[in-house]
Every structure is written in C-alpha cells, then in structure tokens.
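Colleague: Just so you know, we're using my numbering here: the first sequence kicks off at 119 and counts up by one.
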Amino acid sequence: MPELPEVEIITRGLRKRIIGRKIESVDIRLKKIFHGLPKIIEGTTIKSVERRAKMIVISFDNNHSLLVHLKMTGQLVFDESKGDKTHRTAGGHPSDDWVADLPNKFTHVIFHFSDGAVLYFNDQRQFGYIKLLPSDDVEKVKSILELGPEPFSDELTPEYLMSIFAKRPRIKIKQMLLDQRIMSGVGNIYADESLFCAEISPLRLAKDVQRTEIMKLIGCVKVSLEKGLKYGGSSENTFVNAEGKKGQMQNHFSVYRRTGEPCQKCKGRIVRVVVGGRGTHYCPACQL
DNA sequence: TGCCCCCTGCAG
DNA sequence: CTGCAGGGGGCA
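Here it is in structure tokens:
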C-alpha cells in the first residue's frame with residue numbers, strides 16, 4: 119500500500135472532488151471488503167476527507183464515517199465523467215498513465231453519487247478494507263487507538279523515541295520506523311529512504327542509536343516523506359492518485375529497490391537484506 | 001519477537 | 001517454476 123505520502127495525495131485529491139457530493143448507492147462486488155450496512159450512508163452528503171496514518175476517513179452528514187485502508191494494492195479512484203468514458207481510451211493508451219478502464223476485475227466497491235460521478239475502490243490483492251462506523255467510533259478502532267505520533271507532529275521527539283527504545287532493547291531501527299504504534303505513516307519505501315538519508319544502518323539496534331543520530335533520522339523521515347509528496351507518490355507498483363494517475367517518486371529513490379546499483383554518495387553498491395521479514399535496501403559503506 | 005496468513009500478479 | 005511485492009493482524 120501506499121504509505122503516508124501516497125495516502126495523503128489520495129486524500130487531497132478526494133477532498134477536492136467528493137466533499138458536498140451526495141451518495142446515491144453503494145455497489146459492493148466483494149463482500150469481505152466492506153464492513154457495515156451501506157444503506158446507512160445512502161442519501162447522505164460527504165462532509166470531510168481526512169488521513170490518519172495510512173488510513174483515510176471519509177465522513178458524512180449523518181455522523182457516520184468510512185474508515186478505508188488500502189493496504190498493499192488498494193486504490194480509490196474518482197470519476198466525474200461517468201457515462202463519458204472516451205477520455206480513458208482516447209489515443210489507445212488507456213493504462214500508460216491512467217488505471218485501466220474502470221470498473222475492472224479489481225473493482226470491489228463502487229460508490230455512485232447523485233450527480234452521476236463515481237468513486238471506485240479497487241484492490242488487486244484484496245487486503246484492503248472499508249469500515250462503515252458511527253463517526254464517534256472511528257477513534258476507538260484498535261488500529262487507530264494504538265497509533266503512534268504522526269511524523270510531522272511535535273510529539274515526535276528524540277526523547278519520545280529513546281524512551282520507547284529503552285523498553286524494547288531488541289528492536290532494530292528499521293523495525294522501529296515501520297511499527298505504526300511507535301510512529302505512524304512510514305512504510306517500507308520511506309523507511310529505507312530515511313535511513314539512507316540519515317546514514318544509519320537498518321540493522322542497528324534502536325537502543326544503540328545515539329541521540330544526535332535520532333535527531334537526524336527524524337529530520338530525514340520528514341524530508342523523505344516530503345519528497346514523496348512533492349513527486350505525487352511512488353508508483354513502483356499499483357499506486358494511482360484519486361484521478362487514477364501515477365506518481366513519479368519511483369524515479370527518485372536513493373536505495374529502495376536499487377539492489378546492486380551504485381550508491382549516490384560513495385559509488386559503492388546498494389545491498390538488499392531482510393529485516394523483520396521485509397526487503398531492506400541500504401548502502402553498507404555509508405550507513406553504519 | 002518472529003512466523004504465517006490474507007490475495008494476485010509479475011520478474012527472473 | 002520460485003520468490004517477491006508499498007501492510008498488518010493473529011498466533012505460538
């Protein structure tokens with residue numbers, strides 16, 4: 119799935135397009151994806167679209183909300199011009215920059231708006247979900263309740279991280295970045311990119327990372343995430359924004375999926391190892 | 001804390 | 001064919 123930058127890009131795109139629109143009906147094609155009774159939001163109007171960690175919260179004017187998690191391959195694509203599909207196939211290059219003609223075999227939920235516009239939830243691997251809840255209950259969902267601070271919040275301080283590390287003497291620094299209960303929003307791509315920026319090996323035990331390095335790492339996390347936002351997210355795999363368009367961040371990785379390629383700093387080679395079960399890319403010469 | 005699992009598709 | 005993929009929940 120999309121990580122913080124990708125989810126934020128989708129959230130911004132949706133916010134511009136679906137706020138104020140009224141839901142006419144919800145077409146659920148794969149039942150396990152949608153939790154709750156879709157009837158509850160039929161006829162209601164969208165009030166807000168917010169991101170929390172890697173999740174999206176869409177709220178309606180009847181005090182209900184959708185909690186959407188895209189996991190690895192989920193997409194939320196808005197189409198205003200339903201019924202006029204010509205723009206998707208014009209020129210005979212439908213999937214070069216756009217997702218393939220929608221709905222497709224991975225479209226599991228379709229929201230129909232009263233003005234004819236449509237919002238598609240697509241997910242190749244079917245790991246994602248949509249939960250319909252009373253708005254007051256969103257903050258009580260376990261996966262939200264337990265989230266650590268957002269990377270751009272003031273709560274993310276070296277003191278905070280060092281207090282966590284002291285309690286978890288065996289956790290590696292990369293696993294710390296990926297653990298949503300410690301800090302929320304960073305995933306595998308931006309964890310690797312942030313550690314390269316900070317010149318810290320992903321294999322280091324978190325408790326052994328010095329305070330000055332942790333400060334540098336916090337700065338690098340922010341820089342890496344901002345870079346992802348600047349390039350509109352990374353579409354190494356299936357990511358597209360709310361318009362169905364790809365991002366460009368995949369063309370600007372320093373280490374992620376660059377195994378065997380030269381390091382930007384030292385001309386050494388990028389190496390791939392496994393940390394916490396996740397593919398991990400780093401420069402052994404620069405990152406100590 | 002570390003594995004397995006949920007799925008499908010793609011590169012090697 | 002095998003291994004791998006942007007996530008994370010559940011289990012021992």
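The beta carbon of each residue, even a glycine, is placed where N, CA and C say it ideally should be. Note that the structure is predicted; figures quoted are calculated from it, not measured.
1. Restricting to runs no shorter than 3 residues, where is the beta strand (DSSP E) found entirely within the segment 142-189?
2. Leaving out five residues on either side along the sequence, give the residues of the same chain with a beta carbon under 6 Å from the beta carbon of Ala309.
3. Could you tell me the distance, in whole angstroms, from the CA atom of Ile388 to the CA atom of Tyr349?
4. Just checking, does the segment 382-397 make contact with the segment 323-341 on the three C-beta pairs under 8 Å criterion?
5. Tell me the rounded alpha-carbon separation between Met173 and Leu406.
6. Below 7 Å between beta carbons: does that hold for Ser353 and Gly365?
7. Grouping DSSP H, G and I as helix and E and B as strand, with all else coil, what is Ile136?
8. Secondary structure at Gln368, three-state DSSP: helix, strand or coil?
9. Going along the chain, which unbroken runs of the alpha helix (DSSP H) with 4 or more residues stay wholly within the segment 282-352?
10. Around the Cβ of Ala316, are there at least 16 other Cβ atoms within 10 angstroms (buried) or fewer (exposed)?
11. Quick check: the Cα distance between Glu198 and Gly192, rounded to an integer number of angstroms?
12. If you draw a straight line from the C-alpha of Ser372 to the C-alpha of Asn181, how long is it?
13. Examine the Cβ distances between the segment 219-229 and the segment 238-247 and report whether three or more of them are shorter than 8 Å.
14. Compare the C-alpha of His399 against each of Gly378, Cys381, Tyr374, Val256 and name the closest.
15. What's the call for Ser281, buried or exposed, on a 16-neighbour Cβ count within 10 Å?
16. Give the range of the alpha helix (DSSP H) segment to which Ile262 is assigned.
17. Mind checking who Val195 pairs with in its DSSP beta bridge?
18. Give the straight-line distance between the Cα atoms of Val304 and Gln368, rounded to the nearest whole angstrom.
19. Which residue wins for smallest C-alpha separation from Leu188, given the options Glu257, Tyr278, Phe224?
20. Below 8 Å, can you find three or more Cβ-Cβ pairs linking the segment 148-161 to the segment 119-133?
21. For the candidate residues Ser302, Pro287, Lys325, whose alpha-carbon lies nearest to that of Arg169?
22. Is Val393 helix, strand or coil when you go by DSSP?
23. Comparing alpha-carbon positions, which option in Glu257, Arg322, Thr275, Glu124 lies nearest Arg288?
24. Tell me, please, which residues DSSP counts as bridged to Arg387.
Modeller: Walking through what the data contain:
1. Fully enclosed beta strand (DSSP E) runs of 3 or longer: 164-170, 173-178, 182-187.
2. Sequence index remark: in the first sequence, residue 309 carries index 191 (1-based). Cβ neighbours of Ala309 beyond the five flanking positions: Lys292, Leu295, Leu296.
3. On the first sequence, position 270 is the one that residue 388 refers to. On the first sequence, position 231 is the one that residue 349 refers to. Approximately 23 Å between the Cα atoms of the pair.
4. No, because fewer than three Cβ pairs between the segment 382-397 and the segment 323-341 fall closer than 8 Å, the two stretches do not touch.
5. Numbered from 1 along the first sequence, position 55 holds the residue referred to as residue 173. Numbered from 1 along the first sequence, position 288 holds the residue referred to as residue 406. Just so you know, the alpha carbons of Met173 and Leu406 end up roughly 33 Å apart.
6. Sequence index remark: in the first sequence, residue 353 carries index 235 (1-based). Sequence index remark: in the first sequence, residue 365 carries index 247 (1-based). It is a contact, given that the beta carbons lie within the stated cut-off.
7. Taking the first sequence and counting its residues from 1, the one referred to as residue 136 is at position 18. In the three-state reduction of the DSSP assignment, Ile136 falls in the helix class, which pools H, G and I.
8. For the purposes of this step, residue 368 is taken as the residue at position 250 of the first sequence. Of the three classes helix, strand and coil, the one that applies to Gln368 here is helix, per DSSP.
9. Counting only runs of 4 or more, we get 291-296, 306-316, 329-348.
10. Walking along the first sequence from the start, residue 316 turns up at place 198. Ala316 should be labelled buried.
11. In the first sequence, counting from the first residue as 1, residue 198 sits at position 80. In the first sequence, counting from the first residue as 1, residue 192 sits at position 74. Taking the straight line from one Cα to the other gives about 20 Å.
12. Position 254 of the first sequence, counting from 1, holds the residue named residue 372. Position 63 of the first sequence, counting from 1, holds the residue named residue 181. When rounded, the distance between both Cα atoms is 44 Å.
13. Short answer: they touch.
14. Here residue 399 refers to the residue found at position 281 of the first sequence. The candidate whose alpha carbon is nearest that of His399 is Tyr374.
15. Here the question's residue 281 lines up with position 163 in the first sequence. Ser281 is exposed by the Cβ-count criterion.
16. Position 144 of the first sequence holds residue 262. Judged by DSSP secondary structure, Ile262 falls within the alpha helix (DSSP H) whose first and last residues are 260-263.
17. As a first step, residue 195 is located in the first sequence; it is residue number 77 there, counting from the start. Per DSSP, Tyr238.
18. The sequence position of residue 304 within the first sequence is 186, counting from 1. The sequence position of residue 368 within the first sequence is 250, counting from 1. Here the alpha carbons of Gln368 and Val304 stand approximately 16 Å from one another.
19. Residue 188 sits at position 70 when you count from the first residue of the first sequence. Ranking the options by Cα distance to Leu188, first place goes to Phe224.
20. Because the criterion of three Cβ pairs below 8 Å is not met, the segment 148-161 and the segment 119-133 do not touch.
21. Counting from 1 along the first sequence, the entry for residue 169 is found at position 51. Cα-wise, what sits closest to Arg169 is Ser302.
22. Sequence index remark: in the first sequence, residue 393 carries index 275 (1-based). Per DSSP, reduced to three states, the secondary structure at Val393 is strand.
23. Position 170 of the first sequence, counting from 1, holds the residue named residue 288. Nearest C-alpha to Arg288: Arg322.
24. Counting from 1 along the first sequence, the entry for residue 387 is found at position 269. According to the DSSP secondary-structure assignment, Arg387 is paired through a beta bridge with Pro380.
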